[in-house]
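Taking it in order: structure first as C-alpha cells, then the write-up.
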Amino acid sequence: RKEVEQDPGPFNVPEGATVAFNCTYSNSASQSFFWYRQDCRKEPKLLMSVYSSGNEDGRFTAQLNRASQYISLLIRDSKLSDSATYLCVVPISGTYKYIFGTGTRLKVLA
Amino acid sequence: DAGITQSPRHKVTETGTPVTLRCHQTENHRYMYWYRQDPGHGLRLIHYSYGVKDTDKGEVSDGYSVSRSKTEDFLLTLESATSSQTSVYFCAIGTYEQYFGPGTRLTVT
C-alpha cells in the first residue's frame, strides 16, 4: 500500500455541484494532515490543515477518519475557479518531512 | 504570499554539466526544502535544511547536493546533470504548513 494514495481523477462536475475527494494514508501514527491546491504549471498552495476530526473554511470541509485512515475534502457549490489539482499531504511522524499524494484533478464545467 | 523566490525559473542544460538552483526567502524561516515534481510521482523530497549549515537527505537525494550558508538562501546543485533530472523543482519553507516558491523548470538534453 502506498503511503499516501489519491484517485487521480479527473472529476468533472458542473458548476454548483458538491464534490468530495478521499485520500488514504498508511501510517496510523500520523497526527496532522494537509490539503494543497495546485493550478496547472504553478506551485502548490495550502488550502486546509486538519489536526483533529475536521476543519471547515467557507465552501471547503476537510474531515479525518482515523479508524479507516483517510481524509476527505468536500467542496460545496463548485466554482469554475475551483478547477485545479488537489494534493493530500501527510507528515512522516516525528519529522518535518512530508509525503505528498499524486493529486486529484478537478474540472468544474460551465 | 510568503516571500519565496527561485532562480532561474527556466533552464535548459546539457547532460554532464553542473547546475545550481537558488531558493531565497524573506520570512526568516528555519526550515527549507527542495522537491521535484514529475508526472505520476507527485512531489518528492530531495533535501531539506533545518538551519544554517544543517541539512539532511530526502527520498530522492542521489545526484543532488545542497548548501545553506545563510538563513535566507538554500542552494540545490546537480553536480553532473542527467536526463532523468529533467523536472520541475520547487523550494518550500515552513514546518507543519509549507509555502512554496514558483518553481524552476529544468530540462537536461
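Chains as they are written, first to last, in the working numbering: chain H, 234 to 343; chain B, 493 to 601.
We put the CB at the ideal spot given by N, CA and C, even for glycine.
These figures come from a predicted structure and were not determined experimentally.
key: Contiguous beta strand (DSSP E) assignments of at least 3 residues, all confined to the region 294-322 of chain H   = 303-308
task = Figure out for me which residue from H:Arg-299, H:Asn-260, H:Phe-244 and H:Leu-313 has the closest Cα to the Cα of H:Ile-332.
result = Reading the first sequence from its first residue, position 99 is the one you call residue 332 of chain H. Out of H:Arg-299, H:Asn-260, H:Phe-244 and H:Leu-313, H:Asn-260 has the C-alpha closest to the C-alpha of H:Ile-332.
query = Is the region 253-267 of chain H touching the region 549-565 of chain B in the sense that three or more CB pairs, one from each, lie closer than 8 angstroms?
reply = no
ask   = Do H:Ala-300 and H:Val-283 have their C-beta atoms closer together than 7 angstroms?
value = By one-based count along the first sequence, residue 300 of chain H stands at place 67. By one-based count along the first sequence, residue 283 of chain H stands at place 50. Going by C-beta atoms, H:Ala-300 is not nearer than 7 angstroms to H:Val-283.
message = So with CB distances below 7 angstroms, who are the chain B contacts of H:Phe-333?
response = Residue 333 of chain H sits at position 100 when you count from the first residue of the first sequence. Per Cβ cutoff of 7 angstroms: Gly-534 and Leu-535.
query = Buried or exposed: where does H:Pro-324 fall if 16 or more other Cβ atoms within 10 Å of its Cβ makes it buried?
reply = If you number the first sequence from 1, residue 324 of chain H lands on position 91. With 16 or more other Cβ atoms within 10 Å, it is buried.
task = Identify every residue that forms a DSSP beta bridge with H:Leu-339.
result = Numbered from 1 along the first sequence, position 106 holds the residue referred to as residue 339 of chain H. Note: H:Leu-339 sits in a beta bridge opposite H:Phe-244 and H:Ala-317.
query = Three-state secondary structure (DSSP) at B:Ser-541?
reply = Counting from 1 along the second sequence, the entry for residue 541 of chain B is found at position 49. DSSP places B:Ser-541 in strand when its eight states are reduced to three.
task = Can you give me the start and stop residues for the beta strand (DSSP E) that H:Ala-253 sits inside?
result = As a first step, residue 253 of chain H is located in the first sequence; it is residue number 20 there, counting from the start. Per DSSP, H:Ala-253 belongs to the beta strand (DSSP E) from 252-258.
query = Below 7 angstroms between beta carbons: does that hold for H:Leu-342 and H:Pro-247?
reply = The residue labelled residue 342 of chain H in the question sits at position 109 within the first sequence. The residue labelled residue 247 of chain H in the question sits at position 14 within the first sequence. Result yes, Cβ atoms of H:Leu-342 and H:Pro-247 sit closer than 7 angstroms.
request  = Spell out whether any CB of chain B is found under 7 angstroms from the CB atom of H:Glu-236.
outcome  = By 1-based counting over the first sequence, the position of residue 236 of chain H is 3. No, no contact with chain B.
query = Once you ignore the five residues that flank H:Thr-335 on each side, which residues in its own chain have a CB closer than 7 angstroms to its CB?
reply = For the purposes of this step, residue 335 of chain H is identified with residue 102 of the first sequence, where counting begins at 1. Within the same chain, H:Thr-335 has close Cβ partners Gln-239 and Pro-241.
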